[in-house]
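Peer 1: When the letters of the sequence shown are read in order and numbered with the UniProt record's numbering, they come out as residues 1 to 301. No residue lacks a Cβ here, since even glycine has one placed at the ideal position from N, Cα and C. Because the structure is a prediction, the values reported are computed rather than measured.
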Amino acid sequence: MTENEFKSGFVSIIGRPNVGKSTFMNKVLGQKIAIMSDKPQTTRNKIQGVHTTETSQMIFIDTPGIHKPKHQLGEHMMKVARNTLRETEAILFLINVSEEIGRGDEYIIEMLRNTSTPIILVLNKIDLVHPDKLIQQIEVYKDKLPFSDIVPISALQGNNVDKLLEVLETYLPEGPMYYPEDRITDHPEHFIVSELIREKALHLTSQEIPHAIGVEVERMKENDQGVVHVQATIYVERDSQKGMVIGKQGKMLKEIGQLARMDIQNLLGSQVYLELWVKVQKDWRNKSQFIRSLGYRDEEY
Numbered sequence: 001m002t003e004n005e006f007k008s009g010f011v012s013i014i015g016r017p018n019v020g021k022s023t024f025m026n027k028v029l030g031q032k033i034a035i036m037s038d039k040p041q042t043t044r045n046k047i048q049g050v051h052t053t054e055t056s057q058m059i060f061i062d063t064p065g066i067h068k069p070k071h072q073l074g075e076h077m078m079k080v081a082r083n084t085l086r087e088t089e090a091i092l093f094l095i096n097v098s099e100e101i102g103r104g105d106e107y108i109i110e111m112l113r114n115t116s117t118p119i120i121l122v123l124n125k126i127d128l129v130h131p132d133k134l135i136q137q138i139e140v141y142k143d144k145l146p147f148s149d150i151v152p153i154s155a156l157q158g159n160n161v162d163k164l165l166e167v168l169e170t171y172l173p174e175g176p177m178y179y180p181e182d183r184i185t186d187h188p189e190h191f192i193v194s195e196l197i198r199e200k201a202l203h204l205t206s207q208e209i210p211h212a213i214g215v216e217v218e219r220m221k222e223n224d225q226g227v228v229h230v231q232a233t234i235y236v237e238r239d240s241q242k243g244m245v246i247g248k249q250g251k252m253l254k255e256i257g258q259l260a261r262m263d264i265q266n267l268l269g270s271q272v273y274l275e276l277w278v279k280v281q282k283d284w285r286n287k288s289q290f291i292r293s294l295g296y297r298d299e300e301y
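(1) By alpha-carbon positions, which one of Asp143, Lys282, Val97 and Thr185 ends up nearest to isoleucine 59?
(2) Is the CB-CB distance between isoleucine 234 and isoleucine 264 below 8 Å?
(3) Tell me which same chain residues have a C-beta within less than 6 Å of the C-beta of leucine 121, skipping the five on either side of it?
(4) Can valine 278 be considered in contact with the ligand COA, in the sense that its beta carbon sits closer than 7 Å to one or more heavy atoms?
(5) What is the C-beta distance between isoleucine 126 and asparagine 159, in whole angstroms, given that I count them as a contact (C-beta under 8 Å)?
(6) Apart from the five residues on each side of it in sequence, which residues of its chain come closer than 7 Å, Cβ to Cβ, to proline 173?
(7) With proline 152 as the anchor, note down where its beta strand (DSSP E) starts and where it stops.
(8) Apply the 10 Å Cβ neighbour rule to isoleucine 135 and answer buried if 16 or more other Cβ atoms are within range, or exposed otherwise.
(9) Expressed to the nearest angstrom, what Euclidean distance is found between the alpha-carbon atoms of methionine 244 and threonine 205?
(10) Could you give the residue range of the alpha helix (DSSP H) that holds leucine 253?
(11) Would you mind giving the Cβ-Cβ distance between histidine 190 and valine 217, rounded to the nearest angstrom? I have them listed as a contact below 8 Å.
(12) Tell me threonine 233's beta-bridge partners as DSSP assigns them.
(13) How would you label tyrosine 273, buried or exposed, when you count the other beta carbons within 10 angstroms and need 16 or more for buried?
(14) Helix or strand or just coil, what does DSSP make of glutamate 222?
(15) Thinking just about the alpha-carbon of each residue, which of Thr170, Leu267, Val230 and Ile101 is nearest to the one in tryptophan 277?
(16) Please report the straight-line C-alpha distance between arginine 103 and isoleucine 109, rounded to a whole angstrom.
(17) Could you pull out every residue in the same chain whose Cβ sits closer than 6 Å to the Cβ of lysine 21, ignoring the five residues on either side in sequence?
(18) Note the first and the last residue of the continuous beta strand (DSSP E) segment covering residue 318.
(19) If you drop the 5 nearest sequence neighbours on each side, which residues of the same chain put their C-beta closer than 8 Å to that of glutamine 281?
(20) Once DSSP output is grouped into helix, strand and coil, what is the label at tryptophan 174?
(21) I need the straight-line Cα distance from threonine 52 to glutamine 249, nearest angstrom please.
(22) Are there 16 or more other CB atoms within 10 angstroms of the CB of glycine 49, so buried, or fewer, so exposed?
(23) Run through DSSP, which three-state label would isoleucine 13 get?
(24) Suppose you measure from the CA of asparagine 124 to the CA of tyrosine 171; what does that come to, to the nearest Å?
(25) In the DSSP output, what is serine 56 paired with across the bridge?
(26) Please tell me whether asparagine 156 and threonine 23 are closer than 8 Å, where the distance is taken between their beta carbons.
(27) Would DSSP call aspartate 283 helix, strand or coil?
(28) On a Cα-Cα basis, can you pick out the residue from Thr115, Arg113, Asn266 and Ile119 that is closest to isoleucine 91?
(29) What residue does the beta strand (DSSP E) around valine 122 start on, and which one ends it?
(30) Since leucine 164 and isoleucine 153 should fall inside the 8 Å C-beta cutoff, what is the C-beta to C-beta distance between them, to a whole number of angstroms?
(31) At which residues does the alpha helix (DSSP H) containing glutamate 87 begin and terminate?
(32) So the candidates are Asp132, Ser98 and Glu87; which of them puts its Cα closest to the Cα of serine 116?
Take a look at the structure:
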């Protein structure tokens, strides 16, 4: 293969909350860089994942789930999602095929209606539905928008994901390798570590705490024995939330730390000593400077 036959480009992943965008990207990359939760609006920042083969390099942009903003952080998330549509060679519109089309899907379809970028409809969670239901959903969406391609997958099980990547490669132009072939994301390790901690906090407090958790990694340093010492702070908006995150006799915080440490060790390939604190930063989701301090980039805010 000559150099000018190599293909490369950017692919945005869009969909309403909880359709499996982060699950899909983590499956493609073979490593967790986007956090997963059963709570909506989990992805807050535009996370770039890099998938490189001998013939192409795809840079995936995992956008926040589309929702009506209720605060500055929410407005930032929607701005990121809209801007992403103008930056890429292809758009993956993910839907949860086990659910009926909803207002969130209709809103996204309206956003996509005037774009000239190729749109691939990805029907995710096919492992949850009968084939007849899948066919029915395809017909419903085909009537809404002229999609360039339609591909059913199960991001969780990995079914048909390779086929989707083959389809995607046909939309990429000839181009350079933007990132080294062993790179899987353009985010610094500090940011990924903070996201892994936030994922565990969201998962373990899902019934008690609204979406008001932010995480800042304040220190990450490897000692002479190869152990990485991570110090991080979990921020909440109210004193009552702080108590819930810490738990009785610190039990909840300890569990968050244990689960997060395992993922961080897998990411870094080293032993990890994790220290966590919990602090209250009242109404932090409406404070631009504080939002940026948590790793949400100025150019995206």
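Peer 2: According to the structure shown:
(1) As a first step, residue 59 is located in the sequence shown; it is residue number 59 there, counting from the start. Taking only the C-alpha atoms, the option nearest isoleucine 59 is Thr185.
(2) Counting from one through the sequence shown, the residue named residue 234 turns up at place 234. Counting from one through the sequence shown, the residue named residue 264 turns up at place 264. No, the Cβ-Cβ distance between isoleucine 234 and isoleucine 264 is not below 8 Å.
(3) Looking up residue 121 in the sequence shown gives position 121. Once the five neighbours on either side are set aside, the close Cβ partners of leucine 121 are Phe93, Tyr141, Phe147 and Ile150.
(4) With respect to the ligand COA, the structure offers nothing, as it holds no ligand at all.
(5) Position 126 of the sequence shown, counting from 1, holds the residue named residue 126. Position 159 of the sequence shown, counting from 1, holds the residue named residue 159. At roughly 6 Å, the Cβ-Cβ gap stays under 8 Å, so isoleucine 126 and asparagine 159 are in contact.
(6) Working through the sequence shown from its first residue, we reach residue 173 at position 173. Counting only Cβ-Cβ distances below 7 Å, and skipping sequence neighbours, we find Lys7, Gly9 and Glu89.
(7) Mapped onto the sequence shown, residue 152 falls at position 152. Run containing proline 152: 149-152, per the beta strand (DSSP E) assignment.
(8) Start at 1 with the first residue of the sequence shown, and residue 135 comes out as number 135. Isoleucine 135 should be labelled exposed.
(9) Taking the first residue of the sequence shown as position 1, residue 244 is located at position 244. Taking the first residue of the sequence shown as position 1, residue 205 is located at position 205. Rounded to whole angstroms, methionine 244 to threonine 205 spans 8 Å at the Cα level.
(10) As a position in the sequence shown, residue 253 is number 253, starting the count at 1. That run of the alpha helix (DSSP H) goes 251-268.
(11) For the purposes of this step, residue 190 is identified with residue 190 of the sequence shown, where counting begins at 1. For the purposes of this step, residue 217 is identified with residue 217 of the sequence shown, where counting begins at 1. Sure, about 5 Å apart at Cβ, within 8 Å.
(12) Numbered from its first residue, the sequence shown carries residue 233 at position 233. Paired residues: Glu216 and Trp277.
(13) The residue labelled residue 273 in the question sits at position 273 within the sequence shown. That one is exposed.
(14) Against the sequence shown, residue 222 aligns to sequence position 222. Strand at glutamate 222.
(15) Residue mapping note: residue 277 aligns to position 277 of the sequence shown, counting from 1. The candidate whose alpha carbon is nearest that of tryptophan 277 is Val230.
(16) Position 103 of the sequence shown, counted from the start, is the residue given in the question as residue 103. Position 109 of the sequence shown, counted from the start, is the residue given in the question as residue 109. About 10 Å.
(17) Position 21 of the sequence shown, counted from the start, is the residue given in the question as residue 21. Hits under 6 Å: Ile13, Gly15, Asp62 and Leu94.
(18) With the chain covering 1 to 301 only, the question about residue 318 has no answer from this structure.
(19) Walking along the sequence shown from the start, residue 281 turns up at place 281. Excluding residues within five positions, the ones whose Cβ falls inside 8 Å are Gly214, Tyr235, Val236, Glu237, Lys287 and Phe290.
(20) In the sequence shown, counting from the first residue as 1, residue 174 sits at position 174. As written in the sequence, residue 174 is glutamate, which differs from the tryptophan given in the question. Three-state result, glutamate 174: strand.
(21) The count along the sequence shown starts at 1 and reaches residue 52 at position 52. The count along the sequence shown starts at 1 and reaches residue 249 at position 249. Their backbone Cα atoms lie some 46 Å apart in a straight line.
(22) Position 49 of the sequence shown, counting from 1, holds the residue named residue 49. Buried: at least 16 other Cβ atoms inside 10 Å.
(23) Position 13 of the sequence shown, counted from the first residue, corresponds to residue 13. It is a strand residue.
(24) The count along the sequence shown starts at 1 and reaches residue 124 at position 124. The count along the sequence shown starts at 1 and reaches residue 171 at position 171. Cα to Cα, asparagine 124 sits roughly 20 Å from tyrosine 171.
(25) Taking the sequence shown and counting its residues from 1, the one referred to as residue 56 is at position 56. Paired residues: Lys7.
(26) In the sequence shown, counting from the first residue as 1, residue 156 sits at position 156. In the sequence shown, counting from the first residue as 1, residue 23 sits at position 23. Looking at the sequence shown, residue 156 is not asparagine but leucine. Contact flag set, yes.
(27) Along the sequence shown, read from residue 1 onward, the residue named residue 283 stands at position 283. Reduced to three states, the DSSP call for aspartate 283 is coil.
(28) Numbered from 1 along the sequence shown, position 91 holds the residue referred to as residue 91. Comparing Cα-Cα distances from isoleucine 91 to each of Thr115, Arg113, Asn266 and Ile119, the minimum goes to Ile119.
(29) In the sequence shown, residue 122 corresponds to position 122, counting from 1. It spans 119-124 - the beta strand (DSSP E) in which valine 122 sits, taken as one unbroken run.
(30) What you label residue 164 is simply residue 164 of the sequence shown in a count that begins at 1. What you label residue 153 is simply residue 153 of the sequence shown in a count that begins at 1. Indeed they touch by this definition, with Cβ atoms about 6 Å apart.
(31) Against the sequence shown, residue 87 aligns to sequence position 87. Note, glutamate 87: premise wrong, no alpha helix (DSSP H); not H, not E.
(32) Translated into positions along the sequence shown, residue 116 becomes position 116. Serine 116 has its Cα closest to that of Glu87, out of Asp132, Ser98 and Glu87.
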